[in-house]
Amino acid sequence: MPSILSLFLSFLYFISSSSSFPTTNPSSHSSLQFSSTLRKTGHQLIKDLNLHPNLEVNIFKPSANSSNDEFKVFESGIVEKRLSFQVLGESGATVQDLAQRAGYFHLQHTIDARMFYFFFESRKAKADPVVIWLTGGPGCSSELALFYENGPFKITNNLSLVWNDYGWDKVSNIIFVDQPTGTGFSYSSSEEDIRIDETGVSNDLYNFLQAFFKAHPDYVNNDFYITGESYAGHYIPAFAARVNQGNKNKEGIPINLKGFGIGNGLTNPGIQYQAYTDYALANNMISKSEYNQINEKIPACEQAIKQCGTTGTFTCQLALNSCQQIFEDILSITDNINYYDIRKKCEGTLCYDFSNLEKFLVQSSVKTALGVPSNIEFVSCSDRVYQAMIDDWMRNLEVGIPALLEQNIKLLVYAGEYDLICNWLGNSRWVHAMQWSGQKDFVAASNVPFLVDGKQAGILKNHGSLTFVKVHDAGHMVPMDQPRASLQMLELWMTGKLTPPKKGTIAPL
């Protein structure tokens, strides 16, 4: 499960065990009690993916005799190290000396947070767009996507690296970041730097971009795109709005934001949770009687989400608990189905095996190559970060998108057709329901085949700055399941060519 980013919407399932948590009389229950239940489930789900982080979060207290001076960031700037990995196979690059770097940025407006990132120059042209990728969770490292989905390399079973023929660096200069603080190799010496909402997350990412482009002025004028999947369906709209705000207010280096793309994301829970039963019934996962019975829980879910709104706190926890029971009931009926890809079954409790990622990144030689202090551990998925964002889960992040569309900042929403947890149906519904000046024309637009190498790879719908793609033969992590199609989709979208032909075949969703 590569992107694992998605992995992390897997966390949605974590909450399953909290179904016994009562939703009446909120004042009688503390946030700590709720989180405690989730923590236990979260640990188990991480193990089900064969990930075993040694820490719940990367909070590191440096000792007086710490000797990692070479890689410490003493001020609000970037410290980078050029990568020197040995990679098997041919890169296909047209330049001999690709800029591939890893580094840390000391985040402004924090006590001591250090954000870790990878940067890979395009294998095609330095003038290609700059793309940033965000993995979801919340609290999962973007190295999951880097090494299993759309990064330049993939990890083999003997822990060597091979070139990914369909890495997104073939058409873009791509950045992978470990965020929020405490995730992956990102760390702080203070718990106060752990983020609890999208305001904190998007401010940190914006400050990172300012430092990145200051350190790499050659890329400032390139087109810029924000991408990611799963819980990044929350991160991405907030981050795009923050970049747009910074540009308008002339807060720093202008960022040439052209678009943002969400893959199998959680963006508008109020609509997406209601789609679970319809999707399950259409795919013969539940019977009609089971469908009717589970649907009895939808009104309570709807009401709870309304109470949560866009700024709720404890009411949002109650909404999560209420609505998650819909998803949990479906899973209880299915026979060990893989909720990231309903074509597959989990073997026991193991649905995906990402253990090679941890085995690779814990090696001292790899950490040295990346410039990671020896006493910083790799936290593949942080349960502590996940819990800190618990109030954020059920908030609607679609509300800020229309203003971006009106400024011709492009949005691509794509979804693999066999994912249950962030299924294409729920994503399609919130996209169609979104109110903006082009809504009527978008709804009326035809669904047409999305072709890759002359073969249908999905269904495409577009009007103006909004595009939706249902990707065939893919689950939650589209770049892992359909690497060629995802790469071509990205390239066509960024070049303005992911649009229906003037005359084309109409295809039903």
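In terms of mature numbering (1 follows the signal peptide of the UniProt record, and there is no 0), the sequence shown is residues -20 to -1, 1 to 489.
All C-beta atoms, glycine included, are put in the ideal place defined by N, C-alpha and C.
Just so it is clear, the structure is predicted and the values come from calculations on it, not from any experiment.
The residue from Leu78, Trp148, Ala82, Gly180 with its alpha-carbon nearest to that of Val365 is Gly180. Take Ile356, set aside five residues on each side of it, and the residues of its chain with a beta-carbon closer than 8 Å to its own are Asn38, Phe40, Phe165, Tyr167, Lys347, in chain order. Taking C-beta atoms as the reference points, Ser426 and Ile486 count as a pair closer than 7 Å. With fewer than 16 other Cβ atoms from the protein chains shown falling within 10 Å of its own Cβ, His89 counts as exposed. When the beta-carbon positions are compared, Glu129 and Met369 stay at least 7 Å from each other.
For the pair of segments examined, the region 216 to 224 was found to touch the region 373 to 382: the number of CB pairs separated by less than 8 Å reaches three. Counting only unbroken stretches of 4 or more residues, the alpha helix (DSSP H) elements lying wholly within the region 207 to 257 are 212 to 228, 249 to 252, in sequence order.
Under the three-state reduction of DSSP, Gln304 is assigned to helix.
For the pair Ile285 and Ile306, the CB atoms are not nearer than the 7 Å cut-off. No Cβ-Cβ contact shorter than 7 Å links Pro480 with Tyr146.
Cβ-Cβ separation between Asp177 and Asp399: approximately 26 Å, too far for a contact (criterion under 8 Å).
It is roughly 20 Å from the alpha-carbon of Val223 to the alpha-carbon of Gly243.
Bounds of the beta strand (DSSP E) holding Trp113 are 110 to 114. Contact between the region 82 to 97 and the region 322 to 341 is absent: fewer than 3 CB-CB pairs across the two stretches fall below 8 Å.
The alpha-carbon of Gln254 is positioned some 21 Å away from that of Pro488. Under the three-state reduction of DSSP, Asp315 is assigned to coil, being neither helix nor strand.
Contact check for Gly117 against Tyr199 fails: the beta carbons are separated by 7 Å or more. Going by DSSP, Met95 is part of the beta strand (DSSP E) stretching over 94 to 100. DSSP places Thr447 within a strand segment (E or B) once states are collapsed to three. Distances from the CA of Leu78 to each of Glu101, Phe85, Met95 were compared; the closest alpha carbon is that of Glu101. A Cβ-Cβ separation of about 6 Å places Asn202 in contact with Pro109 under the 8 Å criterion. Under the DSSP assignment, Phe192 falls in the alpha helix (DSSP H) whose first and last residues are 178 to 195.
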